[in-house]
Structure formats: C-alpha cells, structure tokens
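Residue numbers (my numbering), protein chains in the order written: chain A, 1 to 80; chain B, 1001 to 1152. Cβ atoms here follow ideal geometry from the backbone N, Cα and C, with glycine treated the same way. Quick caveat: nothing in here was measured; it's all calculated off a predicted structure. The next block holds one structure in the form of structure tokens; read it before the comments.
Printed below as a string of structure tokens:
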C-alpha cells in the first residue's frame, strides 16, 4: 500500500490536531483518502467541499495517488 | 518581474509601489485589502490568515500571467499577509502598471477577484464575543453558534 505525506491546514488542521502526518493507506484517490480520514477523525467538512493538491499542484478528486506523494487537503478558501 | 508573495510580516505599500516604477507607465493602479470591523453582521475583533504558501505563490503567479495575457500591462505585483491581523491592518496589496489606465484598472480588479476565488488561503475571524469561525467552512448543525461542537 502506498505511504503518503498528508498535510492539513486551517479547519482541518484544528480538527485533526496536527498539520502533517505520514500514512500508509489503501485509498487510491484524494476523494477516497479524505473519506477515510473524515470518518476516522470526524471532520465536519463533506468531501465535496474539500479539494486536494498533490506534490504542490491542484488535482482532481479522482486523481491516482502514488507512493511518496505529498497530499494537501484544501478547505474552502477565504483569502483577500 | 511579476511576483505574488505570501508575507508573514507587515506590508509596506510605498516600497511595493516603488518596485513598479517604470517610465513607460502612464498609469499605476493599486488595491489594498484592509481588515474591517464587521462581517456578515458579526463584530470582528481580529482575524488570522493561513496559507499553503508554495501553492498560493504558484497559483498567484499564474493569475498574474493570465492578467498579463489579457491586459496590456507593464508590471504587476501582489502580496498577501498571513498571521494574526488587527482591525485596519493591510491584508493584501495588488499593484499594476500600464501605459494607460483602462488596462491597469481592469487588471487590478481581475487579479484581486481571481486571488480571492483561487488561492489556498484561509481566514479565521475572531469576534468581539470571543467566538471564532473559519470563513466559508460552516456546515449544517453550526446554527447553534460558531464555537459549538457539531453533533456526532
């Protein structure tokens, strides 16, 4: 199973209780991984409101995840 | 060179504007985003900005490149703060130069509008009553108050 470098920001960082962790997971896409983490940690944001970036680029929710990828979950933005 | 930076220290608008100096430019348009005292009816005491800086700067650079391809620009610079800001603080600065004012106004508007929609930056508001809220992150069940724990 791939091992991923997972990063959290903002509300996800607060709800997870940390900003980064390494995970070994069978989840093959950002959507699947978020759903796994959401149900494990009780994240309030549903999957359809969270985007993902892999290796510092926005990706589709169904993008394939590979061993060693850095994945960042992106809650709804509010800059400016 | 066009840059979109994330800054953890206070912004210096005069210094930023000087970097755009160019005798080819007949127009310089700047935008300043300030921390205001109310949002959606709530009295704001302060707020925090957090960013995924690597992607915010890359996506910001893309927005400046798009502005350059749409409008006849000479220069464009933007900076967004992260950290804990007080009322009246400068949160974001955008500056654009062009030969003529039409392109400068339009590009400045485009850059701040796109930045607000796309950059991985998050805002946590601190209200006068002590409550805090991550903007745009409310979910059903939050109606009992911003700091209530959502139902399991």
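Taking 8 Å as the cut-off, decide whether the C-beta atoms of residue 1049 of chain B and residue 1112 of chain B are in contact.
no
Taking only beta-carbon atoms, is residue 1134 of chain B less than 8 Å away from chain A?
yes
Neighbour list for residue 1092 of chain B in chain A, Cβ cutoff strictly below 9 Å:
79 and 80
Going along chain A, which residues have a C-beta under 7 Å from residue 1096 of chain B?
What residue 1096 of chain B touches in chain A: nothing, since even the nearest Cβ is about 16 Å away.
Going by the beta-carbon positions, is the gap between residue 50 of chain A and residue 71 of chain A smaller than 8 Å?
no
For the stretch 1026–1042 of chain B against the stretch 1090–1103 of chain B, are there 3 or more C-beta pairs whose distance is under 8 Å?
yes
Looking at the strands, I want to know which residues DSSP matches up with residue 1136 of chain B.
DSSP output for residue 1136 of chain B lists no bridge partner at all.
Beta-carbon proximity check, residue 1099 of chain B vs residue 1072 of chain B, cutoff 8 Å:
yes
Distance cutoff 8 Å, beta carbons only. Does residue 67 of chain A sit that close to anything in chain B?
no
Do residue 1080 of chain B and residue 1119 of chain B count as a contact pair if the criterion is CB distance below 8 Å?
yes
Compare the C-beta of residue 951 of chain B against all C-beta atoms of chain A and say whether one is closer than 8 Å.
Chain B is shown only over 1001 to 1152; residue 951 of chain B falls outside these bounds and no answer can be derived.
Closer than 7 Å at the beta carbon, the chain A residues around residue 1033 of chain B
80
Selection from A/77, A/64 and A/68 that minimises the alpha carbon distance to residue 21 of chain A
A/68
Note down, in chain order, each residue of its chain lying with its Cβ closer than 6 Å to the Cβ of residue 19 of chain A, except the 5 sequence neighbours on either side.
8 and 13
Which whole-angstrom value is the C-beta distance of residue 1116 of chain B and residue 42 of chain A, which I expect to be below 8 Å?
With a Cβ gap of about 29 Å, residue 1116 of chain B and residue 42 of chain A do not count as contacting.
Would DSSP call residue 56 of chain A helix, strand or coil?
coil
Just the chain B side, please: which residues come within less than 9 Å of residue 76 of chain A by C-beta, in chain order?
1122, 1134, 1135, 1136 and 1137
Option in B/1097, B/1128 and B/1069 with minimal Cα separation from residue 1044 of chain B
B/1128
Buried or exposed: residue 62 of chain A, going by 16 or more other Cβ atoms within 10 Å of its Cβ?
exposed
Excluding five sequence neighbours on each side, which residues of the same chain lie with their C-beta closer than 8 Å to the C-beta of residue 2 of chain A?
24, 25, 65, 66, 67, 68 and 69
Please list the terminal residues of the continuous beta strand (DSSP E) segment that includes residue 1105 of chain B.
No beta strand (DSSP E) contains residue 1105 of chain B, which is instead part of the alpha helix (DSSP H) from 1101–1118.
Could you check the C-alpha separation between residue 15 of chain A and residue 78 of chain A for me, to the nearest Å?
18 Å
What number of angstroms, rounded off, separates the C-alpha of residue 1086 of chain B from the C-alpha of residue 1126 of chain B?
10 Å
If you draw a straight line from the C-alpha of residue 1035 of chain B to the C-alpha of residue 1124 of chain B, how long is it?
12 Å
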